[in-house]
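Worksheet: the structure to be examined is printed underneath.
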Amino acid sequence: MRLLVTGGAGFIGSNFVRYVLSRYADYEVLNLDKLTYAGNLENLEGLENHPRHTFFHGDICDPDLVGDVLKRGVDAVVNFAAESHVDRSILDASDFARTNVVGALNLLEPSRKNRILRFLQISTDEVYGSLGPTGAFVESSPIAPNSPYAATKAAADLLVRSYHHTYGFPAIITRCSNNYGPYQFPEKLMPLLITNALAGLSLPLYGDGLYVRDWIHVQDHCAAVDRILHHGKSGEVYNIGARQEMANLEIARLILKSLGKPESLITLVKDRPGHDRRYAIDPSKLKQALGWKPRISFHMGLQETIDWYRHNAAWVEHVRSGAYLSYYDRMYGQRQKTLSEL
Ligand code: NAD
Ligand code: DAU
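Structure, rendered in C-alpha cells:
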C-alpha cells in the first residue's frame, strides 16, 4: 500500500509515519508537509534515507503539488496537516481557514478524481464544543465548535461528509481527544508543563486550572487510525478516546511530583477567551465495530512522556531556540526542489 500522509512532520503525523513504517514491511509513505513552525524534521530523524519514506516539502493548498504526488499511485490519504493550536487561532484565524478548510478541499477533489481507495480526515473532538460536568461526546452529538480552530475543523468535516454523500467518495472522519507523547510542540499543555518544570520555570494554568481534557497517548491514537484505515466503513465518523479525563491542575501536580519540583511553580494566569470547560469522548463505536482499545494507561504514558522530554534535551532545546528550523537544509538539501522539478 502506498500512503500519502499530510502533516507528517508534526506531532501526531510523525508518530503515525513511524508507526506505519515499523508495522507494515511493504507499505510506502509519501509524507507531504509545509514545515510551518509546527513541522519539525527532527521528528523524523532516522528516516532520512528510509527506502519506504519520501518527504515532500510543500503545501496541501498547492493543487499542482498535490496532483503530482497523487499521480505517483497513492492508495490512501491520511490528512493530519492542519494549523492545530487553539490560542493561535484566537489571535488570527486566517491560516486556519486556509489550511484546515481550503487545504482539505484541495486534497479531496484530486483524491476523488484519482479514485483514491480511502481518505481519512483526522478531525478532533473540539468540533462538538464543550460539555458540562457529566456526559460524553458520541458521533451523533451536535457539531458546535467554539474556537476559530474548531470551526475550521468542523467546516472540513462537513466538506468530507458532503464528498461521501454526493460522490460516494470513500472518506472517513476520525475525532480524537487530547493527545500526549513524544515530539509534541511545547506550546501545547502537556509538553509545555513538562519542559517548564524541567527548566524550573513556572507552569501557567489558564483561569482556575480546573478545565478538563480527555487524554490519550499518541501511540493509541495511531493504532486507532491504523484500524480505521484498514477496517473502517466509508462515510462513517469514529470517535477516538481513552476515557482518561483529567483537570489541568491535576496534571501539573503529577508532573511536578514526578520531577521532584515544588507545587509553588504552578501559576494561575489569564483565561483563554471562550475556553471550553470540559471534553470527554465516548469511543464505544470504535471499540464495538472495529475491536480497538487503548493500551497505554495514563500514569504509565505520562511517566514515559516525562522521561522522553527529559532524555531528549537536544530536541527540546532546538525547538525552543528555533534551531530545528535549519534541520531541513542540513538533512534534505537536495529535496528542497518542488516535486515537479525533480
Ligand atoms: P501539529 O501542529 O503538531 O502538526 C501539524 C503539521 O501540519 C505540521 O507538521 C505542519 O508543518 C503541517 N502543516 C500545516 N499547514 C500545512 C499545509 N498547508 N500543508 C502541509 N502541511 C501543513 O498538529 P498535531 O497535534 O500533530 O495534529 C495533527 C492533526 O490531528 C490535526 O489535524 C489536528 O487537528 C488533529 N488532532 C490533534 C489532536 C491533538 O491533541 N494534538 C487531537 C485530535 C486531533
Ligand atoms: O481535544 C483535541 C484538541 O486538543 C486538538 O484538536 C488540538 O489540536 C490540540 O491543540 C488540543 O487542544 P486544547 O486546546 O485542548 O489543547 P492545549 O494543549 O492548548 O490546552 C489543553 C488545556 O490546557 C486547555 O484547557 C487549555 C489549558 N492550557 C493550555 C496552555 C497552552 C493552560 O491552562 N495553560 C497553557 O499554557
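Residues 60 to 401 in the numbering used here are what the sequence shown spells out, letter by letter.
Glycine included, C-beta positions come from ideal geometry on N, C-alpha and C.
Only a predicted model underlies this, so the values are computations on that prediction, with no experimental measurement involved.
Environment of residue i [buried if 16+ CB atoms lie within 10 Å]
i, result
"Ala68", "buried"
"Tyr383", "buried"
"Gln347", "exposed"
"Pro2", "Only positions 60 to 401 of the chain appear in this structure, which leaves residue 2 out of reach."
"Asp92", "buried"
"Arg177", "buried"
"Ala140", "buried"
"Thr65", "buried"
"Arg354", "exposed"
"Asn90", "buried"
"Leu398", "Note on Leu398: pLDDT 34, under 50, position unreliable in the model; no value is reported."
8 Å CB neighbourhood of residue i in its chain, flanking five on each side removed
i, result
"Tyr86", "Met60, Arg61, Leu62, Val79, Leu80, Arg111"
"Phe196", "Asp184, Tyr187, Leu190, Arg234, Asn298, Tyr338, Ala339, Ile340, Asp341"
"Asn205", "Glu185, Gly188, Ser189, Gly333, Asp335"
Alpha helix (DSSP H) segment containing residue i, residue limits
i, result
"Ser261", "Neither: Ser261 is in no alpha helix (DSSP H) and is coded neither H nor E."
"Leu349", "343-349"
"His280", "277-290"
"Met359", "357-370"
"Ser170", "163-172"
"Leu217", "207-226"
"Val79", "70-82"
"Ser317", "307-318"
"Tyr147", "A small correction: the amino acid at residue 147 is Arg; Tyr does not occupy that position in the sequence shown. Per DSSP, Arg147 belongs to the alpha helix (DSSP H) from 145-150."
Residue i Cβ short of 6 Å to the ligand DAU heavy atom set
i, result
"Pro241", "no"
"Asp341", "no"
"Asn99", "no"
"Tyr270", "yes"
"Lys247", "yes"
Spatially closest choice to residue i from the options, by CA coordinates
i, options, result
"Thr225", "Leu248, Glu168, Phe139", "Glu168"
"Leu235", "Ile71, Val128, Gly105, Arg336", "Leu is not the amino acid found at residue 235; the sequence shown has Cys there. Looking at the Cα atoms, Ile71 is the closest of the given residues."
"Gly360", "Pro122, Gln278, Leu318, Ala230", "Gln278"
"Asp403", "Arg331, Ile181, Leu103, Gly117", "In the structure displayed, the chain extends from 60 to 401; residue 403 sits before or after that span and is not available."
"Pro122", "Pro201, Ser221, Ser293, Leu164", "Leu164"
"Tyr265", "Lys329, Lys352, Gly381", "Lys329"
"Ser317", "Val284, Ala282, Glu246, Leu257", "Leu257"
Spatial neighbours of residue i in its chain, beta-carbon cut-off 6 Å, leaving aside the 5 residues before and after
i, result
"Asp154", "Glu142"
"Thr364", "Tyr239, Gly240"
"Ile253", "Ile314, Ile365, Tyr368"
"Lys396", "Residue placement at Lys396 cannot be trusted, given a pLDDT of 37 that sits under 50; what the coordinates show is reported in the next sentence. Nothing listed; no residue qualifies."
"Val161", "Cys120"
"Arg302", "none"
Unbroken beta strand (DSSP E) run spanning residue i, endpoints
i, result
"Asp121", "Unbroken run through Asp121: none, as it is neither H nor E."
"Tyr85", "For the sequence presented, residue 85 should be read as Asp rather than Tyr. Taken as a continuous stretch (DSSP letters only), Asp85 belongs to no beta strand (DSSP E), as it is neither H nor E."
"Arg61", "61-65"
"Tyr297", "296-299"
"Asn99", "It is not in any beta strand (DSSP E) - Asn99 carries neither H nor E in the DSSP assignment."
"Phe196", "Segment: none, Phe196 is in no beta strand (DSSP E) and carries neither H nor E."
"Gln176", "According to the sequence displayed, residue 176 carries Leu and not Gln. Premise fails: Leu176 is in no beta strand (DSSP E) and is neither H nor E."
Distance cut-off 6 Å: residue i Cβ against heavy atoms of the ligand NAD
i, result
"Ile181", "yes"
"Phe139", "yes"
"Leu313", "no"
"Asn238", "yes"
"Asp285", "no"
"Ala68", "yes"
Spatial neighbours of residue i in its chain, beta-carbon cut-off 7 Å, leaving aside the 5 residues before and after
i, result
"Val128", "Leu63, Leu89, Leu91, Phe115, Leu398"
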